[in-house]
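Residues 29 to 221 in my numbering are what the sequence shown lists, from first letter to last. What follows is a short report on a single structure.
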Amino acid sequence: MKEEGGRLSRHLEAVEQKARIEALKAKLLAIEPGMVYHNSDLPPELEEAFLARVLAVEQAEETSYFDVLLENGITLPEPASLTDSEIDDLLHTIFTFLGARNVYFLHTDHLSDRELYDYLWSDVLREPTMDMPMGPGSLFCFDLTSSGSEQDTQIHLAYYADDCERESHALEWPEDPIPEKKALPFDRDRHLP
């Protein structure tokens with residue numbers, strides 16, 4: 029009798045889950061008619077989680093991390109108005125706040141604190157993003173040398189690339205100059221959240 033009750037319970041959960049999946053698909057189709065939101069390879073629990081995440085993305089408002097910081101009471105004054113000590117404190121606040129939200133920064137050691145704050149203030153933190161919580165296991169990383177620009181590529185090759193990566197780059201893009209390897213002037217990245 030107990031086994032029969034367990035089977036019935038599992039069956040009811042499967043029916044309810046299928047209904048939730050169909051409701052998510054209907055909401056997504058209302059946003060984006062004609063889209064197909066089905067993957068028969070996924071188990072139902074993963075399909076439901078995937079569709080819920082897609083719906084969250086589709087319904088999210090556009091914002092920036094600059095605005096998110098301001099909305100959470102973190103003031104971001106113009107870089108020129110701050111002392112070096114204030115910049116150091118503010119960078120710590122920014123990295124701690126965003127790190128707690130699974131937003132991280134990589135390749136910052138080639139910039140002084142002032143240069144970094146200026147770059148964050150004028151560019152990086154103002155990039156558009158979606159206003160939504162990160163899902164389990166999700167993160168966002170700002171790699172300060174990954175824009176693809178010639179300048180960022182040269183900075184990455186000079187400061188961060190190992191010999192293998194530098195050699196690979198030289199083989200793939202033989203016309204690109206490979207800068208001399210430089211020691212990092214600052215030691216920040218390993219201390220960041």
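The beta-carbon is built from N, C-alpha and C at its ideal position, and this holds for glycine as well.
Restricting attention to L134, N130, L144, the CA atom closest to the CA of L118 is found in L144. Check the Cα spacing between H219 and each of D191, E73, D137, L199: the tightest is with D137.
Excluding sequence positions up to five before and after F214, its CB lies within less than 6 Å of the CB of D137, all in the same chain and listed in chain order. In the three-state DSSP reduction, E208 falls in the coil class, being neither helix nor strand. By the Cβ criterion, the segment 174-190 is not in contact with the segment 119-126, since fewer than three pairs of Cβ atoms, one from each stretch, lie closer than 8 Å. Beta-bridge analysis with DSSP links F133 to F170. The beta carbon of L167 is closer than 8 Å to those of N130, V131, Y132 in its chain, skipping five residues each way along the sequence. In this model, S175 and R35 are separated by some 54 Å (Cα to Cα). Residue burial is scored here from C-beta neighbours: L148 has at least 16 other C-beta atoms within 10 angstroms and is therefore classed as buried. Per the coordinates, the alpha-carbon of R142 lies some 23 Å from the alpha-carbon of E99.
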